[in-house]
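Since the structure comes first, as structure tokens, the remarks are kept for the end.
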Amino acid sequence: MTGLPRRLRALPLRSRLALLVAAAVAAAVAAVAAACWFVTREQLEHQLDQSLRSSAVDQRYLVGLYTYCNGDTTLPPRPFTGVTVQLIDSRGTVCVAPGTSKLPVDAGDLAVAERKQTYALHTVTAQDGESMRVYTSQLDVRGGPGTESGDLAVSIARPMSEVTDPLTTLAWVLLLVSGIGVVGAGAAGLWVARTGLRPVDDLARAVEHVAETEDLTVRIPAEGEDEIARLSRSFNAMTSSLATSRDRQSQLIADAGHELRTPLTSLRTNIELLARSDDTGRAIPPEDRKALMSSVKAQMTELAALIGDLQELSRPDAAQPGPLQVVALHDITRTALQRARLRGPELTITAELAPWYVRAEPAALERAVVNVLDNAVKFSPAGGTIEVVLHRGELTVRDHGPGIPAEDLPHVFDRFWRSPSARQLPGSGLGLSIVARTVRHAGGEIVLSPAEGGGTVASIRLPGAPTPPPEV
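For the sequence shown, the positions run -33 to -1, 1 to 439 when mature numbering (1 follows the signal peptide of the UniProt record, and there is no 0) is used.
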């Protein structure tokens, strides 16, 4: 039994569908044909029984047949054809016309002859082997020779071939029609399977093409709202997402190479100057050497920060930086303010921090707040003021710098994007991308907008946690 399903699974899908359709149609046709055959048999048998009950045999012929069986040499002619008639007395003696096969007598026939029941209806096999349907009824020939009581029974029989022959013909007709129907159903099922699975074939070819060529621009026409159309649209969306992801990856690699080239070139130039001084024995003046070493350290720091930012952005957008915890946003902001004051000692940084608890990854959230404050420090003029406010889950950082042009606002969260005015300042253009990514993972949003009177306002909105963290 297990071999057949394995063979079916080895067939193509359209062949399996065609076989299943043919099998279903065959079962339905077989059920209908069997029902038709049995109903027809019942009707034919009922009609035969009704015909036997309504058959009227001339009484004079029956009396003549009785007297013939009792010694009379004269037999009246039979007034009927295709019907067998025999007489039965109470002792089971049978009287038939010459040339007629006797029919077996059963208990029902004797009971009729003995006046114990009015009729009997049954099927018997005659002496010549033919199956006959027999109807036995009472016959009164009192006073006739050879019988004391004159009580007899007359059996009228018709061949069962009147029923079996039409049934045989009907069976062959049903078998032929069923065979044609099954073959037609199989052909129709194969055609329907080929037509219905054509989009699946297109999808399979598209997948094979993508696997062989890595061409993600392939699209499958999707018409309608059925499952095949939904599958085609899902495949198109998947390839579009993969193509976008690959383009972003390529762009990230290109941008990273471009950003890494600048510090590496400067670093290599400074190291070559130091190495050439050692190789040629020409000492670099102490002040110039100190400046070169400071530049090397700054470039190493910038390179390390850039590599860290790239590692942060290399994770998929769906991946969480770490497990979410209930953290105090006001404490994280206060820690970030300490670092910002060290980087801009000449600036005035004011803070109004109301308690607010959020669910986030602590290290990533602190880094995001630090990046926002670093941007404010970087673009604030000497002696300027930075205003930090945390109220009802909204953290705003307002600086008094040159601000961001309106045409640049849509790009501030793009990777490696830097405004023309900021390209001379240190940085990689990844800080705000990391901020936006971290805030989204925490379920919040960040918006940069121009401030009244000049400068920029960065607003971070984070949903509050149900409860503050437990006291330690």
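Backbone N, C-alpha and C fix where the C-beta goes; we use that ideal spot for every residue, glycine too.
Comparing alpha-carbon positions, which option in the options lies nearest residue i?
{"i": "Gln10", "options": "Met99, Thr131, Thr85", "result": "Thr131"}
{"i": "Ala120", "options": "Val24, Arg197, Leu157", "result": "Val24"}
{"i": "Val72", "options": "Pro65, Ala80, Gly66", "result": "Ala80"}
{"i": "Tyr102", "options": "Asp95, Ala78, Asp118", "result": "Ala78"}
{"i": "Ala178", "options": "Val50, Arg100, Thr206, Ala242", "result": "Thr206"}
{"i": "Tyr33", "options": "Leu15, Val61, Val6", "result": "Val61"}
{"i": "Gln26", "options": "Thr7, Val52, Leu15", "result": "Val52"}
{"i": "Tyr28", "options": "Val344, Phe5, Ala64", "result": "Ala64"}
{"i": "Gly328", "options": "Val293, His297, Thr300", "result": "Residue identity check: residue 328 is Glu in the sequence provided, not Gly. The residue with the shortest Cα to Cα distance from Glu328 is Val293."}
{"i": "Leu291", "options": "Thr180, Thr315, Leu332, Lys345", "result": "Leu332"}
{"i": "Gly59", "options": "Val(-2), Arg100, Ser122, Ala2", "result": "Ser122"}
{"i": "Thr302", "options": "Pro312, Thr317, Val336", "result": "Val336"}
{"i": "Ile318", "options": "Val91, Leu340, Met127, Arg310", "result": "Correcting the residue identity first, residue 318 is Ala in this sequence and not Ile. Of the candidates Val91, Leu340, Met127, Arg310, the one whose C-alpha sits nearest the C-alpha of Ala318 is Leu340."}
{"i": "His89", "options": "Ser98, Leu(-17), Phe202", "result": "Ser98"}
{"i": "Ala210", "options": "Glu190, Gly360, Thr184, Asp193", "result": "Thr184"}
{"i": "Val174", "options": "Pro348, Gly191, Trp158, Ser201", "result": "Ser201"}
{"i": "Val(-2)", "options": "Gln84, Ala138, Ser426, Ile251", "result": "Ala138"}
{"i": "Asp95", "options": "Gln84, Thr85, Leu70", "result": "Leu70"}
{"i": "Arg125", "options": "Pro253, Ala171, Leu314, Ala93", "result": "Ala93"}
{"i": "His408", "options": "Leu170, Leu429, Pro372, Val414", "result": "Leu429"}
{"i": "Ala295", "options": "Arg310, Ala271, Ala330", "result": "Ala330"}
{"i": "Ala171", "options": "Ser244, Leu309, Ser199", "result": "Ser199"}
{"i": "Val(-9)", "options": "Ser128, Val149, His176", "result": "Val149"}
{"i": "Met267", "options": "Lys257, Asp246, Asp169, Leu234", "result": "Leu234"}
{"i": "Ile147", "options": "Ala(-4), Arg404, Gly370", "result": "Ala(-4)"}
{"i": "Ser21", "options": "Val30, Val144, Val50, Gly38", "result": "Val50"}
{"i": "Arg359", "options": "Ser104, Gly351, Pro322", "result": "Pro322"}
{"i": "Arg308", "options": "Gly350, Leu270, Ala271, His297", "result": "Gly350"}
{"i": "Ala74", "options": "Glu374, Arg334, Ser244, Ala87", "result": "Ala87"}
{"i": "Asp169", "options": "Gly191, Ala196, Glu181", "result": "Ala196"}
{"i": "Glu313", "options": "Ser(-19), Asp298, Leu320, Ser347", "result": "Ser347"}
{"i": "Pro188", "options": "Asn203, Asp182, Glu194", "result": "Asn203"}
{"i": "Glu412", "options": "Gly370, Gly420, Thr363", "result": "Thr363"}
{"i": "Pro(-22)", "options": "Glu254, Pro253, Arg161", "result": "Arg161"}
{"i": "Glu194", "options": "Ile220, Pro166, Gly38, Ser212", "result": "Pro166"}
{"i": "Phe5", "options": "Glu181, Asp298, Leu134", "result": "Leu134"}
{"i": "Ser128", "options": "Arg334, His297, Glu12, Gln305", "result": "Glu12"}
{"i": "Leu231", "options": "Arg8, Leu270, Glu419", "result": "Leu270"}
{"i": "Val159", "options": "Thr247, Ser208, Arg(-18)", "result": "Arg(-18)"}
{"i": "Asp298", "options": "Leu320, Asp214, Thr315, Gly66", "result": "Leu320"}
Report the CB separation of residue i from residue j in whole angstroms; it is logged as a contact under 8 angstroms.
{"i": "His367", "j": "Gly422", "result": "4 angstroms"}
{"i": "Val406", "j": "Arg365", "result": "Val406 to Arg365, Cβ: 18 angstroms. No contact."}
{"i": "Leu54", "j": "Leu106", "result": "7 angstroms"}
{"i": "Ala432", "j": "Val344", "result": "That pair is no contact at about 29 angstroms."}
{"i": "Asn342", "j": "Ile401", "result": "Actually they do not touch by this definition, with Cβ atoms about 12 angstroms apart."}
{"i": "Ser426", "j": "Glu361", "result": "6 angstroms"}
{"i": "Cys3", "j": "Leu141", "result": "6 angstroms"}
{"i": "Arg100", "j": "Leu15", "result": "6 angstroms"}
{"i": "Asp56", "j": "Arg82", "result": "Contact doesn't hold; Cβ gap of about 12 angstroms is too wide."}
Hey, does residue i have any beta-carbon neighbour from chain D nearer than 8 angstroms?
{"i": "Ser21", "result": "In the displayed structure, chain D is absent; only one protein chain is listed."}
If you follow the beta strand (DSSP E) that residue i is in, where does it begin and where does it stop?
{"i": "Ser426", "result": "423 to 428"}
{"i": "Gln292", "result": "292 to 295"}
{"i": "Ala318", "result": "315 to 320"}
{"i": "His89", "result": "86 to 92"}
{"i": "Leu183", "result": "No beta strand (DSSP E) holds Leu183; DSSP gives it neither H nor E."}
{"i": "Glu354", "result": "352 to 358"}
{"i": "Val414", "result": "412 to 417"}
{"i": "Arg365", "result": "361 to 365"}
List the endpoints of the continuous alpha helix (DSSP H) containing residue i.
{"i": "Pro133", "result": "128 to 163"}
{"i": "Val336", "result": "329 to 346"}
For residue i, is the beta carbon positioned less than 7 angstroms from some heavy atom of the ligand ZN?
{"i": "Ala124", "result": "Questions concerning the ligand ZN fall outside what the structure shown contains, since it holds no ligand whatsoever."}
- Task: Could you say if the segment 347 to 358 and the segment 374 to 381 meet the contact criterion of at least three C-beta pairs nearer than 8 angstroms?
- Result: Contact fails between the segment 347 to 358 and the segment 374 to 381, because fewer than three Cβ pairs, one in each stretch, are under 8 angstroms apart.
- Message: Which complete alpha helix (DSSP H) runs does the segment 22 to 82 hold, if anything under 4 residues is left out?
- Response: Fully enclosed alpha helix (DSSP H) runs of 4 or longer: 26 to 36, 74 to 80.
- Taking three-plus beta-carbon pairs below 8 angstroms as touching, is the segment -21 to -9 in contact with the segment 147 to 163? Counting Cβ pairs under 8 angstroms, three or more are found: they touch.
- Query: Quick one: any contact between the segment 258 to 268 and the segment 237 to 249, if contact means 3 or more CB pairs under 8 angstroms?
  - Reply: Yes, the segment 258 to 268 is in contact with the segment 237 to 249.
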